Every structure is written in structure tokens, then in C-alpha cells.
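This report refers to the structure that appears directly beneath it.
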Amino acid sequence: MQRCNFEDFSDGSKQHVDTVGNVQLSNTILLTSVLHVPSLKFNLLSDHRTSQTVGIGRLLGKLYILDESSFKTDTINDSLHTLQEQSLTVDTLDVNLWHKRLGHTSTIVLNHLKFLNKMKTPLDLCEICPLAKQPRMPFTLHNKQATEAFDLVHMDIWGPYNRSELPRTQEIAEGSSDNNSVKLPAIQPEIELNSEPVLRRSSRAISKPAWMQDFYCTYEPRSYKQACQSQEWTQAMKAELDALHKNNTWDITPLPKDKRAIGCRWIYKLKLKADGSVDKYKARLVAKGYNQIEGIDYVDSFSPVAKAVTVRVLLAVAASKNWLLHHVDVNNAFLHDFLEEDIYMEPPEGYQVIEGNVCKLKRSLYGLKQASRQWNVEFTSKVEAFGFVQSKHDHCLFTKSSATEFVLLLVYVDDILIAGDSATAIHDVKTYLNNLFTIKDLGVAKYYLGLEIARSNEGVTVTQAKYIRDLLLDTGMAQAKAASTPLPTGIKFSADTGDLLSNPEAYRRLIGRILYLGFTRPDISHAAQQLSQFLQHPCRQHWDAAHHLLRYLKGTPNTGLFFPAGAVAELVAYSDADWASCLDTRRSLTGFCIFLGSAIISWKTKKQNAVSRSTAKAEYRSMASTTCELIWIYNLLVIYTSCQHSYTFPM
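What the sequence shown shows, in UniProt numbering, is residues 1 to 651, in sequence order.
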């Protein structure tokens, strides 16, 4: 509202105006700029200033009736925008135009429009509507089947290209025959063009960063062709051939007509130290002994090796009596013994001979069925000639004693432990062995058969930490979360628990490597025994339990055995039985452990051979197995020392 002074009227008079404002007559009628003149006795409707039509009133009797639809303005005003109202109104009433705008709709729909419902103009005949509403297909259907090529061809023409790939060609016609049994030839353009751009490789030499020279990756070749590309492996093969020539291993001769030659191949192995560094590149020529026939090419093949208990007893006695402990390795051990059979072998790769000639073996070679037995016979005869006595309790244990000296040999194929109380006696044994066989003196024993041996004034510690790390890396469990127990608590295994594994070979390899950890880990003896029962048909539960055991090893890699120095040599044995623990066979489980002083030297977890009908019978069978082990260990200790040992049997 605003105030105004005076306003002129059409009769020439001037009246006082009190205020000016807007008046809302109805929901759709809003009068603007309305003058409030108190002296007027009636209301007047007129255009105040714009001289435009505000609304239309129709005369009815003596009154004008205002038509609300006639109150329209050119613009719509609000506080922010001013919009033209022309775009919101209908500017044409052509029925044919609205028929096309609304998608060629029918006359019935057009009659619903308010601005067309009173129009009397008829709708003209539309030429498009009949074409868009045909009820039948333009082509007749038929059941004709093409019998030969191009009898019925479907064509599809598409294009044009945005840019032409072929010269003067922008539209392509693709055709396919209706006869599927006939293969249409592919039509190629006259000019072959590559759809992909030609990539250009830089000819500049790319040098690696200097810091990468400090890192290298060693590998073991799988074939002779791969090994020839490395200087280290070439030198290793040359050293192997030189050793074979030095030992006079074979003679080159034509192959007799009634004989056949077995094959051979190169085996490459990296010898590592305890810290994982490379110790030696070893190339071994191996005969394909699986082609040998029993009774013709060989007779006996058995060869003994040192038992794990014998190794542990030796380490315990050596720590207790402060003996010297040395390690030697025989180079090419199997090449030192002679063969009794006539064996012919094909020449190895890289060895030049006249065509048709073969190698007649005079000495044993790695890979032959009888190689290990011949080596054991040869070594036994040589050391017995030097004064050693072979033990009847372990055929790989040899002792030599005098009034002032005591020397002991423990042989595991070509790895030999030498223990004794005299450095001179040990040196004499090494000299004698080196004169007979070429040996490698490894000095004080630190790494023997995968066992890490650490010695101090307090005693000897034996672990398999490197073996565990390699096992975790090979199985992908190096980053796994450690477990606190070897097996999940409260679990019982059976043969038909869960789904069978699709790859049982992987489970067998894993259990085999876990069993070798039993050399120094009595804490996993029960777990290894439980998992090794299902090697034939392992299930998913067994595989998960084996991975749980790996997680336990992840948390205890440095756990091992400790043999104290100066301990009292007293045998103590413990035994127990788990009655009917096997869910499949109902057989009981035997378990025992034997200590020499405070050091454990023997343990076992094994299923009993027969079903025990009572817990007492299972216990007695367990004690019988323990007693047998005690007697055998006692006989070993008698060999090691002349002192007598007492037994303690807890019941």
C-alpha cells in the first residue's frame, strides 16, 4: 500500500486518493494498482495508466458479468523472475496441426481438448496414418528352405562411414546365405590394411638402475639347454665330467647286439648354507635306473642309513662328554665303487663320442638301482680296514677306540659325522678318508641333514628353522597368522569326514615334509601321526588341519632340542596309551618319550597293531614298545661309553 494525493476522473473532476494497492476479487482475478477514493459512492473498473484491456465483461440484463478467463496479462511477475506468458498459451487452433503434434492421434482424443472442443472444422484425411497402421506384413510368409548357396540371401546395407578405411568405399553390404551347410568365402579387399597402428620399439639401450646390481635371483635349470646359458652351471657340469674321468667310471665302446643302453640326464641342484646363501652349484649326471631289469641289471638294492635316534643320541653324548664334532662330505660318493653287472649307458648331453658308441659303466653311477648298496659295501670295507668296528645295532655307526682315544663315525649316505675326544684322531680319520675318497672337510658340524647345530659352553642346540621357513614359503603360509596349538582343540579325525581333496598328491607331499620335522620337534609328533593316517584319501578337514599345523610352526620356527653339557647320563622313559582313539578301526594309540638326563632323545606316537579289549591291555602294549626302544638305546650307549646307565619307568 502506498499513499497518493489526487486523481483526475473522466468528467474533469479531481478527487482525493487515500491509498493505492491490490485487490483479490477471486482465486484467479487479481486487480493491481487499485485506488481507494473515499468520496466515491460506487466502484469503478478502468485501466489506470497502461491503456490495456484488463478483462472482459459481458452484459447480462443490466449487469456486466466478468469472464475470469479473459483476465490475462502479458507477463508473470514474481520476486525473482519475469516470464513471458506467450509460450504457455495456444497460438493456433488448426486441428490438423494438433493431430500431427500429438502423434497422429484420433478425433476422439482431440475432442477432449478444451480449446478445440468447440471447433467445427473437420479433420482432413491424413496420408501417414494408413501407412503406420497396416495390419499385415508387406511380405508373404513361406516355408521354402534354401538347398544351395545364394538360393536365398539376406542383405544388410549400412553406412556411410564417418571416415573411409578403404579407398572410395564408405558403404558396406554384408550378406549371409540361408543355407547354413555352405560356408561362404570371405571377401577380402584388394589392399590389405592393418586395423591397428604399427607400434615402434625404441632402439635405445635401456640400462637398469645401479641399485639393481646388488640383487640377483638364483634358479635350478630344468634341462641341459637352460644350463648351457649359465657360466656357473657350465663349470659345474665340467667338474662332474672331470670327476667321472678321474674315477675311470666308463669306457667308450660300441653297443653289443644283444645289449641295450639305458639313458641318462643332468640334474642341477643349488647347495645352500644355513643362512640361505649359495654354497655350491652342483651338476649331477644321473642314470635312468628305472629302465633296469631286476635279475639282469641288478640283484640287491637295499642300503642302510643312520636312524634319527642314533643321531640324537650321538649329539647328546657329545654334548655331555664335551666331544669334538666334525662334518665331512664325500664328493661323488657313488662313483667310487665297482659294478658287478655289465651296464651300458647312452653318452650324456655335451659329451662328444663317435656315433654308435656308448658308455660301458665300470663304476657305479647315481641313479642306478644298486648304487647306494655298492657305496655302503665299499665304504664299510675301507673303514673296517682302518680299524673301525661296525655296530650291529645301527649298521651306519662305526667306532674305533684305544687306551687314550675314541673316534666314532656316523654315516648318512655321503654325509659323515665324526665325533671323538681327540683332535689328532679325528684329523687322522679325515686324512685316511681323503686318500681313499675325495672328501670336503666342512669343519665343526653346523649344518647336517638340514639340522642347524649350534654349540656353546652350556651345550648343543639343534633346530630346523631354515627348513620350516622354506616349508612356509613353498606352501604360501609365510604370512599366515600363528596358532598356539599344533591341532585345533577338541577335534576327532576319521576317514570319511568332509569332501575328498581333488589333488591328494599335494597333501601327501606336505605330510612327508612335516614328518621330516619330527627329527627335532617332539611337540608335533601326535599331530603328524594323526594327519599321516589319511594319505590314501585325504579330505578337506585333514587339509585344513595340516594348514593349522603350519600356522603353529609359523609361531615356533626356532623351537628345537637342547643337549646340556656335563649332564648326568641317566635314562628316564615315559609311556601312555589312548584306548580306542581311532574312530575308524577302534585301535589304541601308543605314545612314549625317553630322556637321557634332561635331554629328550627318542619319542614316538603310533597306532597299535591290534585292537585292545581294555585300557590295561593298551597300556601294557605301550609299555612293551617303550621297553624295546629303551633296550636298543641302552645298547647304543654301551657303544658310546663304558659307563652303565640306570632306568626309571613311571607307571
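We treat Cβ as the ideally placed atom computed from N, Cα and C, and that holds for glycine. Just so it is clear, the structure is predicted and the values come from calculations on it, not from any experiment.
Rounded to the nearest whole angstrom, the C-alpha separation of Lys-14 and Val-23 is 23 Å.
Of the residues Leu-589, Ala-569, Ala-261 and Val-407, the one whose Cα lies closest to the Cα of Ser-525 is Leu-589. Fewer than three Cβ pairs drawn from the stretch 500-517 and the stretch 574-582 lie within less than 8 Å of each other, which leaves the two stretches out of contact. Contact between Ala-239 and Trp-233 is ruled out by a C-beta separation of about 11 Å, above the 8 Å threshold. In the structure shown, the three-state DSSP call for Ser-106 is coil. Ile-601 has its alpha-carbon roughly 6 Å from the corresponding atom of Val-309.
Lys-440 and Gly-498 have their C-alpha atoms roughly 51 Å apart. Three or more Cβ pairs drawn from the stretch 552-563 and the stretch 450-464 lie within less than 8 Å of each other, which places the two stretches in contact. Here the C-alpha atom of Ala-261 lies approximately 41 Å from the C-alpha atom of His-326. With a minimum length of 4 residues, the unbroken runs of alpha helix (DSSP H) contained wholly in the stretch 298-362 fall at 308-321. Listed in chain order, the non-local C-beta contacts of Phe-334 below 6 Å within the same chain comprise Ser-364, Tyr-366, Ala-371 and Trp-375, local neighbours out to five positions each way being set aside.
The DSSP-derived three-state label of Pro-38 is coil. When C-alpha distances from Leu-361 are compared across Leu-339, Phe-379, Thr-404 and Leu-451, the shortest belongs to Leu-339. The DSSP-derived three-state label of Arg-265 is strand. Beyond the five residues adjoining it in sequence on each side, Ile-65 comes within less than 7 Å, by CB distance, of Gly-57 and Arg-58 in the same chain, given in chain order. Per DSSP, Thr-431 lies in no beta strand (DSSP E) segment; the continuous alpha helix (DSSP H) that holds it begins and ends at 423-436. Three or more beta-carbon pairs separated by less than 8 Å are not found between the stretch 415-434 and the stretch 285-295, which leaves the two stretches without contact.
Exclusion of the five residues before and after Thr-438 leaves Ala-243, Val-330, Asn-331 and Asn-332 as the residues of its chain whose Cβ lies within less than 8 Å of its Cβ.
Counting along the chain, no alpha helix (DSSP H) covers Leu-442; the unbroken beta strand (DSSP E) around it starts and ends at 439-444. Residue state for Phe-534 is assigned as helix, using DSSP reduced to three classes. If you look at Gln-541, you'll find it in the alpha helix (DSSP H) that goes 540-555. Looking at the backbone, the Cα of His-112 and that of Asn-96 are separated by about 15 Å. Membership of Ser-602 in the beta strand (DSSP E) is indicated by the continuous run 599-607. Setting aside the 5 residues that flank it on each side, Asp-414 is surrounded in the same chain by Asp-329, Val-330 and Ala-333, each with a C-beta closer than 7 Å to its C-beta; the list follows chain order. In the DSSP assignment, Asp-251 falls within the beta strand (DSSP E) that extends over 250-254. For the 8 Å CB-CB criterion, Gly-591 and Ala-482 do not form a contact.
Between the alpha carbons of Leu-500 and Leu-531 lies a distance of about 14 Å.
Counting the other Cβ atoms within 10 Å of the Cβ of Thr-520 gives 16 or more, which makes it buried.
Here Lys-269 is near Glu-220, since their CB atoms are less than 8 Å apart. Comparing alpha-carbon positions, the option among Asp-297, Gly-350 and Asp-275 lying closest to Ala-236 turns out to be Gly-350.
The C-alpha of Leu-571 is placed about 5 Å away from the C-alpha of Leu-596. About 7 Å separates the Cβ atoms of Thr-399 and Ser-391, confirming a contact at the 8 Å cut-off. The beta carbon of Lys-307 sits closer than 7 Å to the beta carbons of Asp-394 from its chain, once the five residues preceding and following it are set aside; these are given in chain order. Note that the C-beta distance between Pro-348 and Trp-266 is below 8 Å. Under the DSSP assignment, Glu-240 falls in the alpha helix (DSSP H) whose first and last residues are 231-246.
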